[in-house]
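Written out below as structure tokens is the structure these notes cover.
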Amino acid sequence: MRCYVCFEEILPEVTWSTFLLPQKVKKICYGCERQFEHIVPACPKCGRPDSTGLCFDCERWGMEQEDPLEQNVALYQYNDFAKDWVARWKYRGDYELLQSLECQLRSLFQKTEWDTYALVPVPLSGGRLVERGFNQSEAIIQSLGQKSTNLLRRTGTEKQSKKQRRARVASSNPFSMIDPIYTPVVLVDDIYTTGTTIRHAASLLKQSGCPQVFSLTLFR
Amino acid sequence: MKGSLHLPVLAFVIGGVTSRLSGMDLFIMMVLLFLWGFFLLHHRMFFLILLFFLFGYVYLSPPTSPSILPTHLSSTVVIKDLEYTSQTVQLVVYDTQTKDHRLITYFGKESSALPVSWKHGATCAVGGEVKPIDGATNPGEFDYRQFMARQSVHGQVELSSPNQLKCEGHSKITHLYEARVALMKKVEGALSKEAFAWVAALVFGEQDHLEEGTVQWFRDFNLSHILAISGLHVGLFITGVYLLIYRLGIGTKEQAKVLLFLMLPMYAFLAGAAPSVLRASLMAVCVLLLPYFRLKVPLTDIVSFIALGLLIVSPSYFSQIGFQFSFLVTFSLILSFSVFSNSPNVWVTSAQISLISQLSILPIQIHYFYEFNPLSLVANVLLVPYFSFVVIPFSIVLVITSLMVPAVSLFLSASLSQSNALVLQFFEWGLEPLRISWVVGEMSPFYMILSLGAFICMMAMWSQNRLRETIVAGTGMVVIISLFSMLPYFSSKGTVTMLDIGQGDTFVIELPYRKGVIIVDAAGPPIFTENKRKTADRIILPFLKSRGIDTIDALIVSHEDSDHNGSVPYLIEELNVEALVVSSFYDEEETGVKVARMEAGDVVEIKDHRFEILHPYEDTQDSNDNSLVLTSAFGGKKWMFTGDISKEMEAQIMERYPSLDIDILKIGHHGSDTSTSEEWVTMLNPSVALISAGRNNRYGHPHADVLKRLERNHSTIYVTSEHGSVQYTFSGQSGTFSSFLSYNANRSKEKRAN
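Encoded structure:
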């Protein structure tokens, strides 16, 4: 087995907790996995890594109106290594690369106890979907082994990653509802930067009657 | 396959273990194996694992001894080089006719007087009779016959003169053995005696030159792994060569590796090629070689592959302690890498390494040695670095200097060994309070499996950094061991054991619920034996420790002959002896132990158990006749211990106690005709007679007349020289006898008729 990230051969790690039983096969080598940084301690709401209490971002979100988002959980920090990973996966279309984080993603999802909630992908506009070939949120839900519930449609086409915070926060809501939902929802996306995209979707969901909105992202 | 090779090898080893289990232990093992198999059912290697288990079950099962040994050897080949001990020279030969191995022992101290033709690979004609190798005759005793049988060596020839072994020829590797001996001789000549003792142990793997006390001290602190060449020494050698070549700029990294690759087999051979040396060297060679083949292989696979290879080449490794310890420790440490990567500094890491190494072998260690030092970790943390960075490097340097500049090395070695002695003295002084021992007893496979399970749980938790669960599981391991050592305290069974200590008496009484342990007499070895501790060290102490005994409530000594009190000083030294019970006319040396003096009519209560003293009444001026005679009840039977009293004393006792009735009688004076009169037997009317006498002893004990008298009385006779140790197990008002050796009534009758 070779590492999906660096193509080096993966040496199975045999430890006390695994040596008697068949091993779970990981698709990322120890060296690459170590370059992703875990998020501890984190903002209890959005998972921002440099904060111990509620972070400044989340405080600001709650200042003007009630924050539509209950909590965001992310796997790793969005460091340079993660940026390269995302670029390869999303922009250069290395769809299979996601498998390198599947194990970790699944164990994170298990810890959240959200498995009874509907997993809602953040939609792409039609043009972008054609350009990219896949919806990153749906890919994540699929790798979790769950079913995605498509409740949203994208009307705006602006790309968030090219904008500054101020411009992002002030941007208009690019989503519209397909179907209303009355049970808690987990929004799934690849990156949580300022939280604007997620909150746009969340506020829409809440307006149409959803009691609680959580979100799960790969990076924060 | 990669990263999973340990699974079939583990199954292979477990197969070997399973082939040695029986009864309840086997049942529990099978349950565990089914559980394991269930988890592995969908593993793609499932059938390979199963196959290896069966292979191990057959291939590693203990070799069966041939029922009949040939009386003489016609043509043999020496297959194991000469081994010198302080009193013997031993070699192993291959019997070309029976295709079996035999041990040849020559009792001669002068190695220079040996024929030079005794060489590895030589073809030899052996004069002399093939006899069975002496086996254990007591519980807890080291079984030399079994030990040799596991190496497929059955039967030995004891040479009375070197002329009985005529050899010629040699093998291709004889020169290597000779070169090694010559090299050692050269080093020995160039170094001071003390320095050579350390060099011999740490570089050549020969511990014989070290003082017994030093070796024992290392053993008491679980430090024997330093004295036996292991991964530590091989690792230091590799580091040394690497640093010398690469860091000093003599050669490139690659050149250093090539040189190491060439030197490692030589080093392994010089170091004595013990299993631990082979393991470490082979692992090093693999790690050096694999990059050249662009192969990345996990260490678990490498160590598993080497274990499998060594076991297939030589299945006898499987029952060698050195092999077991070496691979268990190595495998455990490899599995623990994530623990070490979490540790803050080198000191913590080295403490963790010591702790994990010791815990991993603990169940087996207790099984073999019955005891361990729970505080040995401190000594390890202090002495392992001292030996790694000072003593072992200096030893290697001394070997090199003694070969290159012998003139300097004598002076150098003398001063180095002196400072080493000082440092060790300091450690000995400082660590003395920690020199304790927890005598657990001979751990049964069931408890070994349990404690090993707790250890694996503990390590699984630790490697996930779940410290609270780690402590819980670790405590579980301690609880399991404690529980095992407390079993006798819950048992209603008591025992009286007549140990087979040769010519002499030793009885060990364990009261029910382990309320007390009483010893009646503690024989020493025959007077002409040089090692006065022999009987205590080889028979009495191992027996006591195998039963988990380290405290003697009373040591009753009948009289002052060495076949009754020869081991008393060593029992006092090694155990907590609460009191000595002797006769009023006993001249004992001051030992610091409380002494109770008894004579006829006295009653002594030891832990609520009553002993009545019937003799001596007055000083008879004869040590045998001054023997304490005592009676007591065990399991509803009345026992009598008679020491060495003569017929005259028996008459005296009968006169004073005319209504004596005894169920179990220890026959006086090892069955000599000067004791055990017809009247004595008739009056006491014992149902069982116990005789402790040596095999082929020069006094002819037990005397045929004594045996006849007992037979006429229809007493069941147990003699240590025939039965080995004899144990009486009692509970409440009943008890049964069992003997260590299976009793062959016909054979002993024949003997008596002769």
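Protein sequence lines correspond, in order, to chains A and B.
In terms of the working numbering, the first sequence has 124 at position 124, counting the first letter as 1, and numbering is strictly consecutive.
When you read off a place in the second sequence, starting at 1, and then add 1000, the result is the number in the working numbering.
Backbone N, C-alpha and C fix where the C-beta goes; we use that ideal spot for every residue, glycine too.
Asked: With a threshold of 8 Å between beta carbons, is residue 1298 of chain B in contact with chain A?; Found: yes
Asked: If you draw a straight line from the alpha carbon of residue 9 of chain A to that of residue 1296 of chain B, how long is it in whole angstroms?; Found: 8 Å
Asked: Rounded to the nearest angstrom, what separates residue 1064 of chain B and residue 1567 of chain B at their Cα positions?; Found: 36 Å
Asked: Just list the residues that DSSP pairs residue 189 of chain A with in beta bridges.; Found: A:217
Asked: Counting only Cβ pairs nearer than 9 Å, list the residues of chain A close to residue 1040 of chain B.; Found: 20, 21 and 22
Asked: Got a sec: is the Cβ-Cβ distance from residue 108 of chain A to anything in chain B below 8 Å?; Found: no
Asked: Taking DSSP as the reference, what is the three-state secondary structure of residue 1747 of chain B?; Found: With a pLDDT of 48 at residue 1747 of chain B, under the threshold of 50, the modelled position of that residue is not reliable, and no figure is offered here.
Asked: Output the distance between the C-alpha atoms of residue 1585 of chain B and residue 1487 of chain B, rounded to the nearest integer angstrom.; Found: 39 Å
Asked: Which residues, in order along the region 1455 to 1467 of chain B, keep a beta-carbon less than 9 Å from a beta-carbon of chain A?; Found: 1456, 1457, 1458, 1459, 1460, 1461, 1462, 1463 and 1464
Asked: State yes or no: is the C-beta of residue 12 of chain A within less than 8 Å of the C-beta of residue 1298 of chain B?; Found: yes
Asked: Taking the alpha-carbon of residue 1258 of chain B as reference, which of B:1276, B:1279, B:1292 and B:1233 has the nearest alpha-carbon?; Found: B:1292
Asked: Sort B:1393, B:1225 and B:1404 by Cα distance to residue 1420 of chain B and report the nearest one.; Found: B:1393
Asked: Per the DSSP calculation, residue 1522 of chain B is bridged to which residue(s)?; Found: B:1506
Asked: Run the CB neighbour count on residue 1687 of chain B, radius 10 Å, all protein chains shown included, and call it buried at 16 or more, exposed below.; Found: exposed
Asked: Cβ of residue 1357 of chain B less than 8 Å from any chain A Cβ?; Found: no
Asked: 8 Å is my cut-off, CB to CB: does residue 70 of chain A come that close to chain B?; Found: no
Asked: If you scan the region 1654 to 1732 of chain B from start to end, which runs of the beta strand (DSSP E) of 3 or more residues do you find wholly inside it?; Found: 1664 to 1666, 1688 to 1691, 1716 to 1719 and 1726 to 1731
Asked: Any beta-carbon of chain A closer than 8 Å to the one on residue 1003 of chain B?; Found: yes
Asked: Looking at residue 1378 of chain B and residue 1350 of chain B, is the spacing between their C-beta atoms short of 8 Å?; Found: no
Asked: Among A:4, A:197 and A:176, which one has its Cα closest to the Cα of residue 167 of chain A?; Found: A:197
Asked: Step through the CB atoms of chain A and report whether any lies within less than 8 Å of the CB of residue 1289 of chain B.; Found: no
Asked: Identify which residue in A:94, A:40 and A:91 has its Cα closest to the Cα of residue 73 of chain A.; Found: A:40
Asked: What residue range is occupied by the uninterrupted beta strand (DSSP E) comprising residue 1242 of chain B?; Found: Run containing residue 1242 of chain B: none in the beta strand (DSSP E); it sits in the alpha helix (DSSP H), 1231 to 1242.
Asked: Which full runs of the alpha helix (DSSP H) of 4+ residues lie inside the region 1371 to 1455 of chain B, going along the chain?; Found: 1376 to 1386, 1392 to 1404 and 1406 to 1431
Asked: Tell me the residue span of the alpha helix (DSSP H) that contains residue 111 of chain A.; Found: 102 to 112
Asked: List, in chain order, every chain A residue whose beta-carbon is nearer than 7 Å to that of residue 1335 of chain B.; Found: 14, 15, 16 and 19
Asked: Relative to the alpha-carbon of residue 1309 of chain B, which residue among B:1523, B:1009 and B:1354 has its alpha-carbon at the smallest distance?; Found: B:1009
Asked: Using a C-beta cutoff of 8 Å, does residue 131 of chain A count as contacting chain B?; Found: no
Asked: Could you name the residues of the same chain whose beta carbon sits closer than 7 Å to that of residue 1082 of chain B, not counting the 5 residues immediately before and after it, in chain order?; Found: 1089, 1091 and 1118
Asked: Going by beta-carbon coordinates alone, are residue 1052 of chain B and residue 1011 of chain B separated by less than 8 Å?; Found: yes
Asked: Taking the alpha-carbon of residue 1058 of chain B as reference, which of B:1030, B:1017, B:1624 and B:1694 has the nearest alpha-carbon?; Found: B:1017
Asked: Tell me whether residue 1722 of chain B is buried or exposed, calling it buried when 16 or more other Cβ atoms sit within 10 Å of its Cβ.; Found: buried
Asked: Within 10 Å of its beta-carbon, does residue 1185 of chain B have 16 or more other beta-carbons around it, so buried, or fewer, so exposed?; Found: exposed
Asked: Residue 1338 of chain B CB to nearest chain A CB: under 8 Å?; Found: yes
Asked: Drop a sphere of 10 angstroms on the beta-carbon of residue 207 of chain A, count the other beta-carbons inside from all chains shown, and report buried for 16 or more, exposed for fewer.; Found: exposed
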